[in-house]
Ligand SMILES: Cc1ncc(COP(=O)(O)O)c(C=O)c1O
Ligand SMILES: Cc1ncc(COP(=O)(O)O)c(C=O)c1O
């Protein structure tokens, strides 16, 4: 029996018996791919020709001046095809699916970002594709649903449970349990049963590999600190991977929502509200009640609005290797606003969480210090959410006018 | 007196006397920059660290299979920061503005793409920024207005004339005539008075330079044909620049709108409806009436919806070096749809015009042939327009629901 | 002990019935009446599911019942009390069924102790494969509780043997891929699979997933020891009310 | 010839007035009544603008008048007929003003010939710098028409000389940066600029852009030969009607 994927006490593989053989097959395919240098090469080639890897490292000169402390560098995952780091994982899994000879992919999606990325991968590779998405998310993220449909994917609104991301994951597992023979479940983050946390991290490690080399080349030194937002943990693990063995402080930033003391947040590692549990196939910190029922979470950023967190990050938290913080919705909007104005960059609301903490700490550091922020995605894909976050009256009027125009048809 | 920028009988500099000195200064700065190898180097460095140049060349394997003719390659300008080739021109002009010591930039915008790019450049360089945009476009392109405002730009709705792109250009000139001392007008395409056609082409030539090397490296040969959409002509000139001296057929594709025989189009070079004229500071083919008054144009793609066209392209048409075709709105939506499904790529509606003609011609060619399409921008920035073009009822419902949600506040 | 009980019953009847309810759905009152009806209708053993917010292996009907129960306010404690109540009152074995997090949060040892005190016979935990089950196996063994595990059509022979080594009471054979509640085509194709199951263990075999009427049960006669009726009883209750359950169950074998 | 006419008038008056209308705005009838009023009020010369869809150098008021005229259906032909009509009827020189595309599409030579036949004195084409004006200069010269060019505050001395070499009739001095219609601060700062203009040419100098009332005209007395009233008469007409124009013009110098 293959390795079960534990990181300290976290991880594992808590799956229905019917899926065990499928996971065994996946683990084997993944192990073979890892052992085959040609596979990583093919992955890099694909990402270099279809997406735009290596993504640039941008020096945020104006923000650096503004805060007057450490030099701030930004890793530009927003420039990936489909607009976020999600593409890395998905295209990697696509190659693996081809290797396994399967013809269909399924995925969960919350914000829609991973759904669009998966539908894109499926179009490119010629796979059938079904995306599970909580009904609440289908309603609020219609633009992404529109694109998934154009890409040829079937988007299934999940009407059970809280009708958001975690329910979409459950539903994807239900599909997989039925269709595992020809279907691969392309999980979107470094969570879930083994080998997903490791596999997603592996594909995302391309971020950290590139970033390490780029920072060194650009500044002649390693960064003092690296910041990344943490939803499931894939972009954070991706960038952190490049620096785990270095004397570099790693900081994960979770969704503080309306504040850690309000309960309306999604901070598993930065708050005291989470506890160890087993759900969705793996063991980690979950936001759950005393009975073990999962709680509702809240974040302005749909992609961070999740009850669990990568078991690898739980382990790195426990071992002290990664420090965790939380950013509130309001702080996120402010940091986003500042970044747009000062640098002409539009981080995704998710990514902006990392910026918040970096901005808090940059002034404490000196000009000799370098900090690196992972801009996991671009915010212009989320105009509806961002416009609401900024509470823009002109936007509301535009939508009303548009609705009237449609009504008049 | 500096060169006046004629290409055959096209081009020139028909400007009010008050701007002559400003143009002289600009021409001089541009000539100096061109002569300074360090300038181009700085430009490349900026585009490599802030945007993601070189942009990839993607092999469209599925489309190639689908059409069964020439191998189809796609130059990925959609992966630029801000989502289109417009960034190349704008960042280049930004460097020039810095060199000239000015502190404010203005620009016209139609679709909003050039406006967002300019506002981004201004944020990055710390310039004040005013964007002129026809009132009609402000209404239909609100998302871009939203981002420009977030980027710190003042967006001025132009309420005169037909209230679209050409009127915004006039208005930008009116601003410039007043504020030329500290202000640069960052024109968005290879049109307008000298040196704009040449200067914009120069910055955009980075596309063709890269693409030529990439196609050669990838296929061991030059493309048989290169396709690009033509609004003002900047992305077309950009990619064509790389192949002007080669035995490569260059094809520019204009907006055929509802059809060339309906009058509702923007085909200056591919239709017989245009004639030689002088407006907005330069001489070229314009869609105008017998009195010389500009006509209304139409295209599903706002960025191609313009009365004039680059004087360099008019010249290349006259000399026979570039062939021109037109794509109708319906053909564009179909080509867009196919490209999304087959390749997971979402070209902008503008860019999709180039795809239409390439798709018409690919089957006539053999597998030995290589064709290159310039994907000038990404379509997901235009969800409102694209959703309308696809006539998606779910989208309309989403907007209605959203409007109700806002009404209920 | 559970295995013996079931074997004894099997002497009396060619096929046994195991039924399933989600405790607290739509209410604990209703659950009690359903258990009563089932026992009266002669079922030999029952699964009592403690609802979980993420029931990953369950199909829409049971999923919905999980949520309904939670929304109505059921807690783990209330479910355990209910289990104790029915175990004391009715003379058939009851299994608890839930996802591992429920046990884990409760404390696996404490959970097992509580089960034993309540007079329950054992448990089924569908997301707990034997590889992850060390603590659970120890605790259940310490309290003489049956650890029911699952075979599936794509469980290898080798793995079946390994599962059988830790299974207690009975083995639950999943009839097919998929979640609970979908139709299963009962055909001879099943035979090869069930033969493999039979070779792997001499525990009583229960077959579930999609058993819904008398024809299905007839088909299973001679092939397995127990037929599991899960989703279908919830459907009957939802569509025809609690009173319809007894005749439905009786009709499956009469 | 135009220069002589103007110089002669300048003997009689310390400052001449040049006024401007957009032909066909709001109607050709109105335009005719405005010309009449202006002539009666004693203006020495008038600019008649043929509207263009892209009047790049004009400010909002004149821009709006261009569009209003076009929307009301005015054509180049109608404007030329109007020009001919007023030139025959009133005994002052009339200049055509328009953007180059109007002349270019008509055919520059044909346009000049038509102007001459109509008895017009010359033209101002604000987007046609001398460098681009080869055909135009030839055609205008062939028909003895004045080619009015423009000086601006940032035109260099050297360039003024080059412009002066092809200018005919008068030189139009733009008072400041900006488009027509905005306020101009008439101050001594202008003097240095006007001195440069004066050095560059001995043609009559007209100063425009922002001249709006008697104080402005008074200021220009002795500094230039002509004050140009452009935007302000359109404003007066729009706000107070055609009848207000005559008293307005008369008030500028009385
Ligand atoms: C742009 C972006 N960043 C971050 C995340 C969070 O995911 P993860 O923590 O796996 O990187 C998401 C998820 O949708 C995302 O879209
Ligand atoms: C994506 C894209 N492509 C093409 C164009 C047309 O401009 P040009 O012809 O200058 O490339 C535009 C203009 O907005 C654009 O946004």
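Residue numbers (the working numbering), protein chains in the order written: chain A, 1 to 409; chain B, 410 to 818; chain C, 819 to 1072; chain D, 1073 to 1326.
Quick reminder that beta carbons are idealized off the backbone N, C-alpha and C, glycines included.
Excluding the 5 residues preceding and the 5 following residue i in the sequence, name in chain order all residues of the same chain whose CB lies nearer than 6 angstroms to its CB.
i: residue 122 of chain A; result: 105 and 129
i: residue 1235 of chain D; result: 1202 and 1221
i: residue 887 of chain C; result: 840, 842, 843 and 869
i: residue 1090 of chain D; result: 1117, 1278, 1298 and 1300
i: residue 578 of chain B; result: 517 and 689
i: residue 570 of chain B; result: 576
How many Å lie between residue i and residue j at the Cα?
i: residue 1271 of chain D; j: residue 677 of chain B; result: 46 angstroms
i: residue 974 of chain C; j: residue 24 of chain A; result: 11 angstroms
i: residue 908 of chain C; j: residue 854 of chain C; result: 8 angstroms
i: residue 305 of chain A; j: residue 624 of chain B; result: 43 angstroms
i: residue 163 of chain A; j: residue 137 of chain A; result: 8 angstroms
i: residue 1050 of chain C; j: residue 1030 of chain C; result: 6 angstroms
i: residue 209 of chain A; j: residue 53 of chain A; result: 12 angstroms
i: residue 756 of chain B; j: residue 684 of chain B; result: 30 angstroms
i: residue 227 of chain A; j: residue 324 of chain A; result: 10 angstroms
i: residue 477 of chain B; j: residue 746 of chain B; result: 18 angstroms
i: residue 172 of chain A; j: residue 575 of chain B; result: 50 angstroms
i: residue 61 of chain A; j: residue 533 of chain B; result: 9 angstroms
i: residue 1312 of chain D; j: residue 1134 of chain D; result: 17 angstroms
i: residue 13 of chain A; j: residue 35 of chain A; result: 22 angstroms
Going by DSSP in three states, residue i sits in which element: helix, strand or coil?
i: residue 1018 of chain C; result: helix
i: residue 229 of chain A; result: strand
i: residue 373 of chain A; result: strand
i: residue 865 of chain C; result: strand
i: residue 897 of chain C; result: helix
i: residue 197 of chain A; result: helix
i: residue 121 of chain A; result: helix
i: residue 1162 of chain D; result: coil
i: residue 543 of chain B; result: strand
i: residue 108 of chain A; result: strand
i: residue 684 of chain B; result: strand
Decide if residue i is buried, meaning its Cβ has at least 16 other Cβ atoms within 10 Å, or exposed.
i: residue 1169 of chain D; result: buried
i: residue 363 of chain A; result: exposed
i: residue 414 of chain B; result: buried
i: residue 291 of chain A; result: buried
i: residue 753 of chain B; result: buried
i: residue 1326 of chain D; result: exposed
i: residue 387 of chain A; result: buried
i: residue 751 of chain B; result: buried
Within a Cβ cutoff of 8 angstroms, which residues of the same chain sit near residue i, ignoring the five residues on either side of it in sequence?
i: residue 218 of chain A; result: 57, 59 and 73
i: residue 8 of chain A; result: 314, 315, 318 and 319
i: residue 1317 of chain D; result: 1106, 1109, 1110, 1113, 1305, 1308 and 1309
Spatial neighbours of residue i within its chain, please: CB distance less than 7 angstroms, with the 5 preceding and 5 following residues excluded, ordered by chain position.
i: residue 536 of chain B; result: 506, 512, 513 and 514
i: residue 1105 of chain D; result: 1314
i: residue 1185 of chain D; result: 1215
i: residue 945 of chain C; result: 874, 875, 917 and 918
i: residue 789 of chain B; result: 755
Residues of chain F with a CB under 8 angstroms from the CB of residue i: which are they?
i: residue 1136 of chain D; result: Among the chains of the structure shown, chain F does not appear; the protein chains present are A, B, C and D.
Who's in the neighbourhood of ligand 2, going by beta-carbon under 7 angstroms from any heavy atom, listed in chain order?
After applying the 7 angstroms Cβ criterion, the set is B:493, B:494, B:495, B:519, B:520, B:522, B:523, B:597, B:598, B:599, B:638, B:639, B:640, B:641, B:642, B:643, B:644, B:645, B:711, B:712, B:713, B:757, B:759, B:760, B:785 and B:786.
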